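Colleague:
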Amino acid sequence: MPVLAAPDAKAAGLKPIPGDPGLPILGRSLEYLLGTFNYNADWYRRFGPVSWYRSFGITLVSVVGPEASKVVFKNSDRAYANEPGWSFFLGPFFKRGLLLLDFDEHLQNRRILQQAFTRDRLIGYLANMTPVMRDILGRWKAGQDFRVFPAVKNLTLNIASRTFVGEEVGPENDKVIQAFVDCVEATTAIVRAPIPGTLWWRGLRGREFLETYLKPRVAEARKADREDLLAALCHIEDEGGERFSDEDVINHMIFLLMAAHDTSTVTATAMIYQLAKHPEWQERCRAESEALGKAELEYGDLDKLASLDLVMKESIRITTPIPGVIRKTVKDTELVGYHVPKGSYVTVAMHTTHQLEDVWKNPKTFDPERHVRGEGKDAWMPFGGGVHKCIGMYFGGMEVKALLHQMLLNFTWSVPADYKLDMDYSSLPKPRDGLKISLVRR
Numbered sequence: 017m018p019v020l021a022a023p024d025a026k027a028a029g030l031k032p033i034p035g036d037p038g039l040p041i042l043g044r045s046l047e048y049l050l051g052t053f054n055y056n057a058d059w060y061r062r063f064g065p066v067s068w069y070r071s072f073g074i075t076l077v078s079v080v081g082p083e084a085s086k087v088v089f090k091n092s093d094r095a096y097a098n099e100p101g102w103s104f105f106l107g108p109f110f111k112r113g114l115l116l117l118d119f120d121e122h123l124q125n126r127r128i129l130q131q132a133f134t135r136d137r138l139i140g141y142l143a144n145m146t147p148v149m150r151d152i153l154g155r156w157k158a159g160q161d162f163r164v165f166p167a168v169k170n171l172t173l174n175i176a177s178r179t180f181v182g183e184e185v186g187p188e189n190d191k192v193i194q195a196f197v198d199c200v201e202a203t204t205a206i207v208r209a210p211i212p213g214t215l216w217w218r219g220l221r222g223r224e225f226l227e228t229y230l231k232p233r234v235a236e237a238r239k240a241d242r243e244d245l246l247a248a249l250c251h252i253e254d255e256g257g258e259r260f261s262d263e264d265v266i267n268h269m270i271f272l273l274m275a276a277h278d279t280s281t282v283t284a285t286a287m288i289y290q291l292a293k294h295p296e297w298q299e300r301c302r303a304e305s306e307a308l309g310k311a312e313l314e315y316g317d318l319d320k321l322a323s324l325d326l327v328m329k330e331s332i333r334i335t336t337p338i339p340g341v342i343r344k345t346v347k348d349t350e351l352v353g354y355h356v357p358k359g360s361y362v363t364v365a366m367h368t369t370h371q372l373e374d375v376w377k378n379p380k381t382f383d384p385e386r387h388v389r390g391e392g393k394d395a396w397m398p399f400g401g402g403v404h405k406c407i408g409m410y411f412g413g414m415e416v417k418a419l420l421h422q423m424l425l426n427f428t429w430s431v432p433a434d435y436k437l438d439m440d441y442s443s444l445p446k447p448r449d450g451l452k453i454s455l456v457r458r
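Numbers given in our numbering equal positions in the sequence shown, counted from 1, plus 16.
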C-alpha cells in the first residue's frame, strides 16, 4: 500500500495517503463492478482528494476533485505515465492505442493522428454519417418498449464503419459488435488469465478477430483515395515524412473505433434519457432543430444547437462515459500535499468529481443551465485533460448532436414519471435494461 517512506518526503512535510483496502483478497473489486464504490461522494468525504484502496489485486490511489485531478492531468514533472497504468486493464485488448503511449512517442503519434481530426475532415465525416443516421432511424420501430442502448450502439457502429473504415457494415456486423463488447468487458475482469470461457479469454479472442477484420481493409486503404479515417491513417505523415506502419494503423483503429462508438453510445443514451425525463428540454431542443429548417446538419450548424449542447454537457456530467482514467507513477512525486511513491497506480475519478456537493449545487439534479452560469467550470472534465485529453472529443460531440438532431425531428419519446435509469458500471456505463422508452414517430 502507499506509505510515506522517503525521508525527504517527511522532511518536506508531505502527508501519507489515507485509505481502506476493503475485503481480504478481493479488496473493493466487487463494489467497483457493482457500481457502489467510487461512483459517489462518500469515499471523498471520508478520505479527501487523495486516498488508496485495493482492487483487482493491486493497490490504487484515487484522485478526486478539480485541484488534484488537474495536477495529474497537467503532469508537469512527468511523473504520471499512461502506458504502465492503462496496460494493466487495456493492454492486451487495445495495445499501442494512443491512450497507451507516453511522452515523446505519444506526442509524435498524436501529431499524426490530429491530421485525421481537422475541421475539413470533420466536415467530410459529418457528410458521410448523416445518410447512415437517416437510413437507420427511418427503420426504427416506434413503440412502448423501444430499447435505446442496443439500437444506438448498432447505429454508432454503422457510423464508425462508414466514417472510419469507408464501408457499410456487412454480415460481420454482429461479430464486430461482440468483439468490441468482449474487449471492453475484459478490461475489468477479476480473473485476468486466458482461461477458456472467462471474460479475459473472450477479450483476447475479440482482439484477434478485430485484427483479422482490419488487415485486408488496411491493404485496400493503402491503395485508395478516400475520405474515411482509415485511409487518412494510411496516408498522413509527420513533419519528417514518417507514416504509420500497418501494425500502427490497426492498433490505432481498434482503439479509435472502440472509443468512437462506445463513448458516443453512452453519451447519446444519457441524453435521450434526460430528454425523456425532462420533456421541456426535449421541446426546447426540438425548437432549435426545427428553426434550422434543414434535416441534414452542416458543420457550421452545430453551434446553433445551444440547448442541445447544454443537455450534452449536463448529461455527461451526471453519467460520465469514461468514469475514470489511470496512470502509474514513474518516480516519487507530490500531489496536493501527499507523497505518492514511484510505482503507484493512480486513478483520476472524473465521475466522482462530477458529483461533489462542494463543487456542484444539487449535483444529482439535471440542470443544464448550470453550464451557462459557469458552475463547476474547473471541475467538468469528461474528456480528461492535459496532453492526453480526448483527441476525438469534437468528432464525438458532432456525431451525438447530429444523431439527436435527427431524433428530435423524427420522434418524440418519454419514460414513466417514476422511471430511473439504472446504470451498470462494470466496464463502461450502460443501462441494465437497455433504457426502455416510449418512442413515437412524428
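Where is the CB? At the ideal position from N, CA and C, for every residue including glycine. These numbers come from a predicted model, not from an experiment.
Which runs of the alpha helix (DSSP H) spanning at least 4 residues fall entirely within the stretch 293-334, listed in chain order?
Modeller: Qualifying alpha helix (DSSP H) stretches, in chain order: 295-308, 322-334.
Colleague: Would you tell me roughly how many angstroms separate the C-alpha atoms of A248 and N267, rounded to the nearest one?
Modeller: A248 and N267: Cα-Cα distance of roughly 14 Å.
Colleague: Taking 6 Å as the limit between beta carbons, can you name the residues of its chain near R112, skipping five residues before and five after?
Modeller: Cβ neighbours of R112 beyond the five flanking positions: N267.
Colleague: So if DSSP puts F427 in a beta bridge, which residue, or which two residues, is it bridged to?
Modeller: R457, per the DSSP bridge assignment.
Colleague: Would you please state the rounded distance, in angstroms, between the beta carbons of P337 and P445? I believe it to be under 8 Å.
Modeller: At roughly 7 Å, the Cβ-Cβ gap stays under 8 Å, so P337 and P445 are in contact.
Colleague: Would you list, in sequence order, the uninterrupted beta strand (DSSP E) runs of no fewer than 3 residues that lie entirely inside the stretch 70-130?
Modeller: Complete beta strand (DSSP E) runs here, min 3: 74-79.
Colleague: Closest to A292 by C-alpha separation, out of L115, H404, V456, would be which residue?
Modeller: When each option's Cα is compared against that of A292, the closest is V456.
Colleague: Return the Cβ separation of M414 and L318 in integer angstroms, given the expectation that the two are a contact with Cβ distance under 8 Å.
Modeller: That pair is a contact at about 6 Å.
Colleague: Suppose you measure from the CA of L313 to the CA of A418; what does that come to, to the nearest Å?
Modeller: So the alpha carbons of these two residues sit roughly 7 Å apart.
Colleague: Should the stretch 338-351 be called in touch with the stretch 81-92, which here means at least 3 C-beta pairs below 8 Å?
Modeller: Yes: the two stretches touch, three or more of their Cβ pairs being nearer than 8 Å.
Colleague: Select from G140, A143, L171 the residue whose C-alpha is nearest the C-alpha of R492.
Modeller: Outside the shown range of the chain (17 to 458) lies residue 492, about which nothing can therefore be said.
Colleague: Only counting runs of 4 or more residues, tell me where the alpha helix (DSSP H) segments fall wholly within the stretch 389-426, in order along the chain.
Modeller: List check, alpha helix (DSSP H) in window: 409-426.
Colleague: With a threshold of 16 other CB atoms inside 10 Å of the CB of I33, please say whether the residue is buried or exposed.
Modeller: It counts as buried.
Colleague: Starting from Q160, follow the beta strand (DSSP E) in both directions and report where the run begins and ends.
Modeller: That run of the beta strand (DSSP E) goes 159-163.
Colleague: Going by DSSP, name the residue or residues bridged to R460.
Modeller: No answer is possible for residue 460: the residues shown for the chain start at 17 and end at 458.
Colleague: Are the beta-carbon atoms of T345 and V356 separated by less than 8 Å?
Modeller: In this structure, V356 lies closer than 8 Å to T345 by Cβ.
Colleague: Can you tell me which of I342, M439, F180, W429 puts its alpha carbon nearest to the alpha carbon of I74?
Modeller: Checking every option, the nearest Cα to that of I74 belongs to I342.
Colleague: Out of A167, V77, E253, which one is the CA nearest neighbour of I288?
Modeller: The shortest Cα separation from I288 among A167, V77, E253 belongs to A167.
Colleague: Going by DSSP, what residues sit across from W68 in a beta bridge?
Modeller: According to DSSP, W68 bridges with G35, V77.
Colleague: Exposed or buried, what is G392 when buried is set at 16 or more other beta-carbons lying within 10 Å of its beta-carbon?
Modeller: So G392 counts as buried.
Colleague: Do the stretch 361-368 and the stretch 380-394 touch if we need at least three Cβ pairs shorter than 8 Å?
Modeller: Contact fails: fewer than three Cβ-Cβ distances are below 8 Å.
Colleague: I193 by DSSP, collapsed to three states: which one?
Modeller: In this structure, I193 counts as helix in the three-state DSSP scheme.
Colleague: Would you kindly work out how many angstroms separate the C-alpha atoms of R448 and I332, rounded to a whole number?
Modeller: Looking at the two C-alpha atoms, the distance is approximately 18 Å.
Colleague: Would you list the one or two residues that DSSP bridges to H355?
Modeller: Answer is E350, bridged to H355.
Colleague: Smallest Cα separation from T204: which of V192, W217, G81?
Modeller: The shortest Cα separation from T204 among V192, W217, G81 belongs to W217.
Colleague: With R233 as the anchor, note down where its beta strand (DSSP E) starts and where it stops.
Modeller: Per DSSP, R233 belongs to no beta strand (DSSP E); it is in the alpha helix (DSSP H), 215-239.
Colleague: Between which two residues does the beta strand (DSSP E) containing T363 stretch?
Modeller: That run of the beta strand (DSSP E) goes 361-364.
Colleague: Based on the DSSP secondary-structure assignment, which residues constitute the bridge partners of P447?
Modeller: For P447, which the question treats as bridged, DSSP gives the partners M439.
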